[in-house]
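Have a look at the structure below before the remarks.
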Amino acid sequence: MGYPDLFAHELAAEWAGLSPDAPAVLFQGRSLTHGELETEVVRWVAALRDSGVRTGDIVGVCLERSPSMIACVLGVLRAGATYLPLDPSYPAERLDYMMADSGVTVVATENAQSALLSRLCPGFRPVILADEAPPDPVPVKVNPDQPAFLIYTSGSTGRPKGVAVPHRAMTNFVTGMAAQLGMTAADVVLAQAPLSFDISVFEIFIPLSVGATIRLVDRATATDGPALAEAVHSGGVTVVQGTATTHRMLLAAGWRGGPSITVVSGGEPLPPDVSETLQNAGTRVWNAYGPTETTVYTHALRMTEGRRVTLGGPLPNVRTYLLDEDLEPVPVGEPGEIFLAGDCLANGYLNRPDLTAERFLPDPFSTTPGQRMYRSGDLARWTEDGRLESLGRADQQVKLRGYRIELGEIEAILRGHEWVKDAVVILRAGEAESFLAAYLTLTDDRAPSRREVHDLLGTTLPSHMIPAQYVVVDRLPTMPSGKVDRTAVAALPVARHLIGAEPVAPRSVVEEVVAGVWLDLLELDELSVVEPVFDLGASSLTAMRAADLLGEIFRTNVPIRLLFDRPTVADQAHYLDRQCEDAARTAGLVLELARAANEEN
154 MGYPDLFAHE LAAEWAGLSP DAPAVLFQGR SLTHGELETE VVRWVAALRD SGVRTGDIVG
214 VCLERSPSMI ACVLGVLRAG ATYLPLDPSY PAERLDYMMA DSGVTVVATE NAQSALLSRL
274 CPGFRPVILA DEAPPDPVPV KVNPDQPAFL IYTSGSTGRP KGVAVPHRAM TNFVTGMAAQ
334 LGMTAADVVL AQAPLSFDIS VFEIFIPLSV GATIRLVDRA TATDGPALAE AVHSGGVTVV
394 QGTATTHRML LAAGWRGGPS ITVVSGGEPL PPDVSETLQN AGTRVWNAYG PTETTVYTHA
454 LRMTEGRRVT LGGPLPNVRT YLLDEDLEPV PVGEPGEIFL AGDCLANGYL NRPDLTAERF
514 LPDPFSTTPG QRMYRSGDLA RWTEDGRLES LGRADQQVKL RGYRIELGEI EAILRGHEWV
574 KDAVVILRAG EAESFLAAYL TLTDDRAPSR REVHDLLGTT LPSHMIPAQY VVVDRLPTMP
634 SGKVDRTAVA ALPVARHLIG AEPVAPRSVV EEVVAGVWLD LLELDELSVV EPVFDLGASS
694 LTAMRAADLL GEIFRTNVPI RLLFDRPTVA DQAHYLDRQC EDAARTAGLV LELARAANEE
754 N
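In this text, residue positions in the sequence shown follow our numbering: the first is 154, and each later residue adds one.
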């Protein structure tokens, strides 16, 4: 497949000229046409240039989800610059590091975020959208190797690393994936991923490159299963892309897709039951794979009934090698590490030439001088029919809810505190979904409370990197070499509370029933009724299940949003006490039935 004459952001501008009155973005009851979006893009270009942005600059984008955010990203690229997502929900310390490491001095933002950024980086220049549309600016022609965007991913040293993705790779992905899926201007694509998550490139640039429509949802809707399912239904969505966690959340809300729906699942392994449930409703299901360093997805496979979940074949202009430790190809059926090459590759890691050289190697299988291949760290084997079957990771990197996490980054931050002697973090499989567990040895007998640990990590790490479980042990098991034996650590018993934390037991029958629901869902032995359940590992998916169970028990509607607004067992029980006249009587009957069932067993 050859390249189009235009880059991804230029394809969007071309469609604005071809179909100016066609819908481009649907958001909170408002419809923005391609022509109106183009007008807003031009306003952003003018504001950026007035702020001194020039070709090759890096521009931070710190905006809440809205059509203006999409226009801003397009405006940054139109101005010849590179966009750097700065998620407003990230801890201040992480934003500070990303701004300092990237050297960004110009940030497109809103007044709400401007004050925070001023404290973090006093010398930065905020860019606010211009009030009026200036004359159409002269387009800037960028080099294919110039970075289009900079995404920070978890780093094993305790600091995130910036991945610089060029226009060549971005355009190859956008055009190749659109062609693979057969997307047209008639499609409506759900956009629910944060801009800081690289799959947002799919949700923004693929639809705009083919003249389709983006159904954008806000942060609250993206984490609320029923609300997200309603947004898909009411918005006429035809393409739902996201992680398996997102798809499972939609299924839990009763959504099943259908013959008019295409689902693309990437960022984490696709469970067979999710694939089968969607296919049974006639949904077209695609399994996608690819590291950030190779631009969102490099492989995609249309799932069919009875087909094993594999990685499928590569997108156009992508080469896949499966190699052993000596960088030699492995036979069919034998495990090897996935190496990726071609026009999918990022330029490397910003300001990290050593790490770039370690992960981006010369391609010995290419006849073209200067070609590179990326060492993914993912293990797989070739199947007899020529597909790749995933076998997990070769290092300490994991995927949780689609986010790539270096466990060493969390461990490094924990070890950096005076009360932690050593720390190991692992990914554990729960009944509802996977979660992170931290195993700690301490420098003295006083263990910190969960709140102390949560606050410590929360100043540095985004929420998806904060462990749900903490276990204090006298010593971590080791191998004969003296290294920590992670397999043995994973076999250790778990506990949700650190020594020293004083859980508050249920003080009423309603609190006892509500606590029991959460104990079952979170697979806990105990919890404190005054501690937020989301600090104990609860997620949007478990909140949906809790809302259903509590509503069924107390015969009332329990909105999912209520559980986020009232995150402790005590607060939820108080709500049920006021909402239901016979809440205490109902709870008492439930407890009696439970005790009777236990006695019989």
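Built from N, CA and C at the ideal position, the CB exists for glycine as well.
Roughly how many whole angstroms lie between the Cα atoms of residue 379 and residue 520?
Per the coordinates, the alpha-carbon of residue 379 lies some 52 Å from the alpha-carbon of residue 520.
CB contact flag (residue 681, residue 656, <7 Å)
The answer is yes: Cβ separation under 7 Å.
Please say whether residue 696 and residue 713 have beta carbons closer to each other than 7 Å?
In this structure, residue 696 lies closer than 7 Å to residue 713 by Cβ.
From 230, 641, 295 and 609, residue whose alpha carbon lies closest to that of residue 213:
Restricting attention to 230, 641, 295 and 609, the CA atom closest to the CA of residue 213 is found in 230.
Runs of beta strand (DSSP E) lying entirely within the region 529–590, each at least 3 residues, in chain order:
You should have 541–546, 550–553, 556–559 and 573–581.
Using DSSP with H/G/I as helix, E/B as strand and the rest coil, what is residue 771?
This structure gives no information on residue 771, because the portion of the chain shown stretches from 154 to 754.
Start-end ranges of the beta strand (DSSP E) lying completely within the region 394–435, minimum 3 residues
Listed in chain order, the complete beta strand (DSSP E) runs (minimum 3 residues) inside the region 394–435 are 415–418.
Classification of residue 613 by the beta-carbon crowding that lies within 10 angstroms, buried from 16 upward:
Residue 613 should be labelled buried.
Residue 160 versus 428, 346, 533 and 298, residue with shortest Cα-Cα distance:
Nearest neighbour of residue 160 by Cα position, chosen from 428, 346, 533 and 298, turns out to be 298.
Taking the straight line between their C-alpha atoms, what separation do you get for residue 748 and residue 665?
C-alpha separation (whole angstroms): 13 Å.
Helix, strand or coil: which one does DSSP assign to residue 199?
If DSSP states are grouped into helix, strand and coil, residue 199 belongs with the helices.
CA-CA distance, residue 684 and residue 591?
One Cα belongs to residue 684, the other to residue 591, and the distance between them is close to 19 Å.
Ignore the nearest five residues each way along the sequence and tell me which others in residue 305's own chain have a CB closer than 6 Å to its CB.
Taken in chain order, the residues that qualify are 251, 313 and 315.
Output the distance between the C-alpha atoms of residue 205 and residue 668, rounded to the nearest integer angstrom.
Each residue's alpha carbon lies about 56 Å from the other.
Quick check on this structure: which residue in 504, 601 and 498 has the alpha carbon closest to the alpha carbon of residue 523?
If you compare the alpha carbons of 504, 601 and 498 with that of residue 523, the shortest gap goes to 498.
Unbroken stretches of the alpha helix (DSSP H), 4 residues or longer, contained in the region 342–387
As far as the region 342–387 is concerned, its whole alpha helix (DSSP H) runs of at least 4 residues are 353–362, 372–375 and 378–387.
From 623, 619 and 618, pick the residue whose C-alpha is nearest to that of residue 595; which is it?
The alpha carbon of residue 595 has as its nearest neighbour, out of 623, 619 and 618, the alpha carbon of 623.
Whose CA, out of 192, 417, 732 and 397, lies closest to the CA of residue 390?
Among 192, 417, 732 and 397, the Cα nearest to that of residue 390 belongs to 417.
Cα separation between residue 176 and residue 437?
If I take the Cα positions, the gap works out to 24 Å.
Quick one: grab the DSSP three-state call for residue 491.
Secondary structure at residue 491: strand, using DSSP grouped into helix, strand and coil.
If you drop the 5 nearest sequence neighbours on each side, which residues of the same chain put their C-beta closer than 7 Å to that of residue 557?
Cβ neighbours of residue 557 beyond the five flanking positions: 306, 307, 445 and 550.
Boundaries (first-last residue) of the alpha helix (DSSP H) holding residue 318
Counting along the chain, residue 318 falls outside any alpha helix (DSSP H), though it belongs to the beta strand (DSSP E) covering 314–319.
Does residue 702 come out as helix, strand or coil in the three-state DSSP assignment?
The three-state reading of DSSP puts residue 702 in helix, counting H, G and I together.
Can you grab the Cα-Cα spacing for the pair residue 677 / residue 364, in whole Å?
Residue 677 and residue 364 have their alpha carbons spaced roughly 49 Å apart.
Chain B within 7 Å of residue 230, Cβ atoms only
In the structure shown, chain B cannot be found, because there is only a single protein chain.
What residue range does the alpha helix (DSSP H) around residue 438 cover?
For residue 438, no alpha helix (DSSP H) segment is defined; the enclosing uninterrupted segment is the beta strand (DSSP E) at 437–442.
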